[in-house]
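Peer 1:
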DNA sequence: CATGAATGAGTCTTCATTCAT
DNA sequence: TATGAATGAAGACTCATTCAT
């Protein structure tokens, strides 16, 4: 059933995985399509049977990983119904995913911020979807009367995500991990929780 | 008096300014040295009288702007002695600088995160200097007994900076400005202040 | 049978041949890689599939031609066992090869003497191999008791080769050929033979 | 009297001397006009007050040195009237000049052979003048009835010069000097003398 | 005469993409 | 589908030469 083109599926996935690895190591502009091909153990030309061009590979990498993050986060949050607790879960999950997928973290750190043409639009939607998960939590808390009404979710969601993201950047760039996922997520969520609670 | 080499100074500065503009518009890798030269109204070769290579231009842009930000922020903070108020000033100033220097904001968003070779080291020091300004505020507040002892400044400074930075990214990427500097800085600093105060 | 990679072989050889032609006409430094490509009827980039860089092309031209000369000379000499006659053959063959391969003669005249980096070492070995062919003849003559013992082969081989080489230079530079290969080689070998014989 | 522009004379000579040094070390094409200027302790632009262009510098270097060689050789030969002895003197003097002016030797080895445009003509005359000094010796010997009539001076002069020149090349390239000027010149001239004498 | 900052034409080389097999 | 040799457009950088001072 899914086997009729499983070989192709394989190759498609293999290229994305290879690209993620290569992009993480060298950055998009310093990565060579031929390197990705080599890493994926396919011929250079084969890449172009699955992707329109180099940009398209990045987009695919991006979509693949972003969807993994979103579905993963949603799954974790669905286990719980307390907005306060959800904030803690979000923080922990986010940092945890980052540390468990360093390659993606490296790529995301840079590419999400590329101001270049195509990324702007492609990125925004998925990115917004992810970040809005947090916005819903805030709104939920406000609806339940636990969080301040005055909190602007548009600002708060970015502030919270930015805080976590910066922590991730630190880990990615310094490659050190002086602060554990547990401590970091706890401190950050504690600060936020106090900041948003009535 | 200061005119004895003002022409060279001029040209050096002109190139940096031009580079900032071009990098902001196209990103480092999509910028052409010849474009920078054109923008600076000098010949292509002239660039190489002032800079070792294209990378060197970026580094210079970076150092120039980063030092402006640091000295500016320090100046603004020196006017006040209340840690709580300082947090507000930091938030406001940071967002304000970003909106007033969109070009630098664009460049910083991307290039500071480039994981490529030379940037890693160059960036880190200045970046740390800047972010540590906030760490000192927290520590000051702790010493004065206003802020919780349990706050880990290493985490808090990143969380706070990240929150502001993400707000900046939003402005840069979306080019919209639904939230004003005032509202954004107030919301973000308020949340943090409540998060760190005893 | 030999066709399995004859196309690549072809291209490699074609580039070398084209380079020889272009180098001969303009000299290495005044030759453009794009000219070589054009002459070889390949794209500029194709050159770099077969050669590391421009220098590498020169080295390959050099090795190709030098090996031809050496094997050719050895073949001709193997037909004869008289050292005196061998001197005559060497002289004739050398001048003959030069006139039959003007392009190589032009390149060799200049590039073998380039004091630049890479050539120094590359050239020396092949060059020494070639010139030593003559040294063996002298030594052979000495062993057979025909040539003077006092002849220093290190000096004699260079003197003889230099004499022939200068004749070749004359032909190359003046493009005239007032003296025939036959007369030139005879006169030069005669002088040498009398000079070295007991 | 000659002082009114002795400073200019100075500079002209200084540049030639500097150029000789730089050309010797790097070769013409790898030498930079700015290096020559630096070596001569003048400004880059100053070079162009004394020379039309880079090529012109080489020509001047060439003419200066070649004239020195010719006048020097003639002076030495004028002391003696025996053609046989003159051959010995020529050989010794040539090799001696080469070893005493390594820089010129380096330049001459390469540049005399440059097939490029301007050199072809410029070089030829001086070069011929020099080499003809030897032709005269042969002819003189033939007139005196000492040397064989059958010797073709056009060939012999090149053979002899070539022999010496090759020895010079060996010293220049290998930078070793396993054979002394005395031994080398003696062996080479002895061989030739026997080769040309009746 | 002297300077040296400025110029910009010129070239090697890279690498995303194509296409014949 | 898969290959990988071939393409050629594009760009960073160099350096001989000029010219305003």
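Chains as they are written, first to last, in my numbering: chain U, 2 to 199; chain F, 2 to 199; chain V, 2 to 199; chain S, 2 to 199. Positions of the beta carbon are idealized from the N, C-alpha and C atoms, including for glycine.
Where does residue 148 of chain S sit, in a helix, a strand or coil, going by DSSP?
Peer 2: Of the three classes helix, strand and coil, the one that applies to residue 148 of chain S here is strand, per DSSP.
Peer 1: So residue 1 of chain V contacts chain S; which residues on that side make the cut at Cβ distance below 8 angstroms?
Peer 2: One cannot answer for residue 1 of chain V here, as it falls past the ends of chain V, which runs 2 to 199.
Peer 1: Pair every Cβ in the region 141-161 of chain U with every Cβ in the region 82-94 of chain U, then say whether three or more of these pairs are closer than 8 angstroms.
Peer 2: Flag = yes, the region 141-161 of chain U and the region 82-94 of chain U touch.
Peer 1: From residue 113 of chain U to residue 124 of chain U, what does the alpha carbon distance come to, in whole angstroms?
Peer 2: The alpha-carbon atoms of residue 113 of chain U and residue 124 of chain U are separated by roughly 7 angstroms.
Peer 1: Hey, residue 159 of chain S and residue 67 of chain V: beta-carbon distance below 7 angstroms or not?
Peer 2: No, these two residues do not count as a Cβ contact at 7 angstroms.
Peer 1: Chain S partners of residue 38 of chain V, CB-CB under 9 angstroms?
Peer 2: In chain order: nothing, as chain S lies at least about 21 angstroms away.
Peer 1: Using C-beta distances below 7 angstroms, list every residue in its chain close to residue 162 of chain F, excluding the 5 sequence neighbours before and after it, in chain order.
Peer 2: 132, 135, listed in sequence order.
Peer 1: Check whether the region 40-57 of chain S touches the region 11-24 of chain S, taking contact to mean three or more Cβ pairs, one atom from each stretch, closer than 8 angstroms.
Peer 2: These segments touch.
Peer 1: Of the residues that make up the region 71-85 of chain U, which ones have a beta carbon closer than 9 angstroms to any beta carbon in chain F?
Peer 2: The residues in question: there are none.
Peer 1: Pull up the distance between the alpha-carbon of residue 170 of chain U and that of residue 111 of chain U, whole angstroms please.
Peer 2: Cα to Cα, residue 170 of chain U sits roughly 10 angstroms from residue 111 of chain U.
Peer 1: With a CB to CB cut of under 8 angstroms and the five nearest residues on each side skipped, what residues in its chain are close to residue 71 of chain S?
Peer 2: Cβ within range, chain order: 127, 130, 131, 134.
Peer 1: Tell me which residues share the same chain as residue 172 of chain S and place their Cβ nearer than 6 angstroms to its Cβ, disregarding the 5 neighbours each side in the sequence.
Peer 2: The residues are 178.
Peer 1: Classify residue 11 of chain S: buried if its beta carbon has 16 or more other beta carbons within 10 angstroms, exposed otherwise.
Peer 2: With fewer than 16 other Cβ atoms within 10 Å, it is exposed.
Peer 1: Give, in chain order, every residue of the region 176-193 of chain V whose Cβ lies closer than 8 angstroms to some Cβ of chain S.
Peer 2: Residues 179, 180, 184, 185, 188, 189, 191, 192, 193.
Peer 1: Tell me which residues share the same chain as residue 55 of chain F and place their Cβ nearer than 6 angstroms to its Cβ, disregarding the 5 neighbours each side in the sequence.
Peer 2: 34.
Peer 1: Check this for me: beta carbons of residue 186 of chain S and residue 92 of chain S, under 7 angstroms apart or not?
Peer 2: Yes; because the gap between Cβ atoms is below 7 angstroms, this pair is in contact.
Peer 1: For the region 34-63 of chain V, enumerate the residues whose C-beta is nearer than 7 angstroms to any C-beta of chain S, in chain order.
Peer 2: Here the close residues number zero.
Peer 1: To the nearest angstrom, report how far apart residue 2 of chain F and residue 22 of chain F are at their CA atoms.
Peer 2: Per-residue confidence for residue 2 of chain F stands at a pLDDT of 34, beneath the threshold of 50, marking its modelled position as unreliable; no derived number is given.
Peer 1: Residue range of the alpha helix (DSSP H) that residue 83 of chain F falls in?
Peer 2: No alpha helix (DSSP H) holds residue 83 of chain F; DSSP gives it neither H nor E.
Peer 1: Please report whether the beta-carbon of residue 67 of chain S lies at a distance below 7 angstroms from any beta-carbon of chain V.
Peer 2: No - not a single Cβ of chain V is within 7 angstroms of the one on residue 67 of chain S.
Peer 1: Throw me the rounded Cβ distance for the residue 196 of chain S and residue 195 of chain V pair, which I believe falls under 8 angstroms.
Peer 2: So it is a contact: roughly 5 angstroms between Cβ atoms.
Peer 1: Closer than 7 angstroms by beta-carbon distance: list the chain V residues that pair up with residue 91 of chain S, in chain order.
Peer 2: Going along chain V, no residue has its Cβ under 7 angstroms from residue 91 of chain S, so there is no contact; the nearest lies around 14 angstroms.
Peer 1: With a threshold of 8 angstroms on Cβ separation, who are the neighbours of residue 140 of chain U within its own chain once the five nearest residues in sequence on each side are excluded?
Peer 2: Here the set comprises 154.
Peer 1: Using a 10 Å radius around the Cβ and a threshold of 16 neighbouring Cβ atoms, would you call residue 46 of chain U buried or exposed?
Peer 2: When all chains shown are included, residue 46 of chain U counts as exposed.
Peer 1: So residue 134 of chain F contacts chain U; which residues on that side make the cut at Cβ distance below 9 angstroms?
Peer 2: Correct list: empty, because the minimum Cβ distance to chain U is about 15 angstroms.
Peer 1: Could you tell me whether the Cβ atoms of residue 25 of chain V and residue 104 of chain V are closer together than 7 angstroms?
Peer 2: Yes, the Cβ-Cβ distance between residue 25 of chain V and residue 104 of chain V is below 7 angstroms.
Peer 1: Measure the C-alpha to C-alpha separation of residue 57 of chain V and residue 29 of chain S and round it to an integer number of angstroms.
Peer 2: So the alpha carbons of these two residues sit roughly 20 angstroms apart.
Peer 1: Using the three-state DSSP reduction, which class does residue 12 of chain S fall into: helix, strand or coil?
Peer 2: Residue 12 of chain S falls in the helix class under three-state DSSP.
Peer 1: Between residue 1 of chain U and chain F, is there a C-beta pair that is closer than 7 angstroms?
Peer 2: Residue 1 of chain U lies beyond the range of chain U shown here (2 to 199); nothing can be said about it.
Peer 1: Looking at the secondary structure, which residues open and close the alpha helix (DSSP H) in which residue 43 of chain V lies?
Peer 2: Looking at the DSSP string, residue 43 of chain V is not in any alpha helix (DSSP H), and its letter there is neither H nor E.
Peer 1: Ignore the nearest five residues each way along the sequence and tell me which others in residue 4 of chain S's own chain have a CB closer than 6 angstroms to its CB.
Peer 2: Confidence in residue 4 of chain S is poor, its pLDDT being 42 and thus under 50, which makes the residue's placement too unreliable to answer from.
Peer 1: Assuming residue 78 of chain F and residue 182 of chain F are in contact, meaning their beta carbons sit under 8 angstroms apart, how far apart are those beta carbons, in whole angstroms?
Peer 2: Wrong, their Cβ atoms sit about 17 angstroms apart, outside the cutoff.
Peer 1: Could you say which of S:192, S:19, S:98, S:180 lies nearest to residue 148 of chain V if we only look at CA atoms?
Peer 2: That would be S:192, whose Cα lies nearest to the Cα of residue 148 of chain V.
Peer 1: Please specify which runs of the alpha helix (DSSP H), each continuous and at least 4 residues long, are wholly inside the region 94-176 of chain F, giving them in chain order.
Peer 2: 103-112, 118-144, 154-175, all fully within the region 94-176 of chain F.
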